[in-house]
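Participant: Dumping the structure here so I can ask a few things about it.
Residue numbers (this note's numbering): 33 to 235.
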């Protein structure tokens, strides 16, 4: 069983008959079964070595002390093992329930070529000099060459426009930008994920 287990799992992964949660449950069961069988074999070998002289003199039947030692070890191992397996199974169940009930992202995503989203170097430097609005990025107000203002633009790592708020398309390019004003968290609109438009095509 211990030898065949890796091949059983490999077969299931190749055939892709299990989803992610079923994969975890199957791995837990197979590992648990392997550990339980391994513990039984280890206890048999250990007590056989301890009582090897008495077992050699045993003419027939079971040797009582050896049998009791193996049974006691087995029971002492089985109880905490079952508790551990129950806890592991509970964790797998909770993770599966959370994953299957959570809603996916509701923001919109389109693909705008990266070259169109990379800010001019002077704009990058001005943004980089300001504290981040959010972790990993800034929310800025852009002013374009034609005078238009584009509010609530998310800039990743001070150089790449990654998201627009309350817009359905990116109808300008980074080359048209003349200035960028970094907004503070107090200047952000009430958060509504559905209003965000992600520009790298990743949903």
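Note that CB positions come from ideal geometry on N, CA and C, so glycine has one too.
Note that the structure is a prediction, hence the values are computed from the model and not measured.
Return helix, strand or coil for residue 182, following the three-state DSSP convention.
Facilitator: Position 150 of the chain shown, counted from the start, is the residue given in the question as residue 182. The answer is strand: DSSP assigns residue 182 an E or B state.
Participant: For residue 170, which residues does DSSP report across the bridge?
Facilitator: Residue mapping note: residue 170 aligns to position 138 of the chain shown, counting from 1. Answer by DSSP bridge pairing, in chain order: 187.
Participant: Is residue 73 buried or exposed, if buried means 16 or more other CB atoms sit within 10 Å of its CB?
Facilitator: The count along the chain shown starts at 1 and reaches residue 73 at position 41. Per the 10 Å Cβ criterion, exposed.
Participant: What do you reckon, are the CB atoms on residue 173 and residue 183 nearer than 8 angstroms?
Facilitator: Position 141 of the chain shown holds residue 173. Position 151 of the chain shown holds residue 183. In this structure, residue 183 lies closer than 8 angstroms to residue 173 by Cβ.
Participant: What are the start and end residues of the beta strand (DSSP E) that includes residue 210?
Facilitator: Numbered from 1 along the chain shown, position 178 holds the residue referred to as residue 210. Here the beta strand (DSSP E) through residue 210 covers 209-214.
Participant: Answer yes if the region 140-158 comes into contact with the region 193-208, meaning at least three C-beta pairs across the two stretches below 8 angstroms, and no otherwise.
Facilitator: Contact holds: three or more Cβ-Cβ distances are below 8 angstroms.
Participant: DSSP three-state label for residue 64, please.
Facilitator: Your numbering for residue 64 matches position 32 in the chain shown. The answer is helix: DSSP assigns residue 64 an H, G or I state.
Participant: Alpha carbon to alpha carbon, how far is residue 207 from residue 59?
Facilitator: Translated into positions along the chain shown, residue 207 becomes position 175. Translated into positions along the chain shown, residue 59 becomes position 27. Roughly 52 angstroms between the two C-alpha positions.
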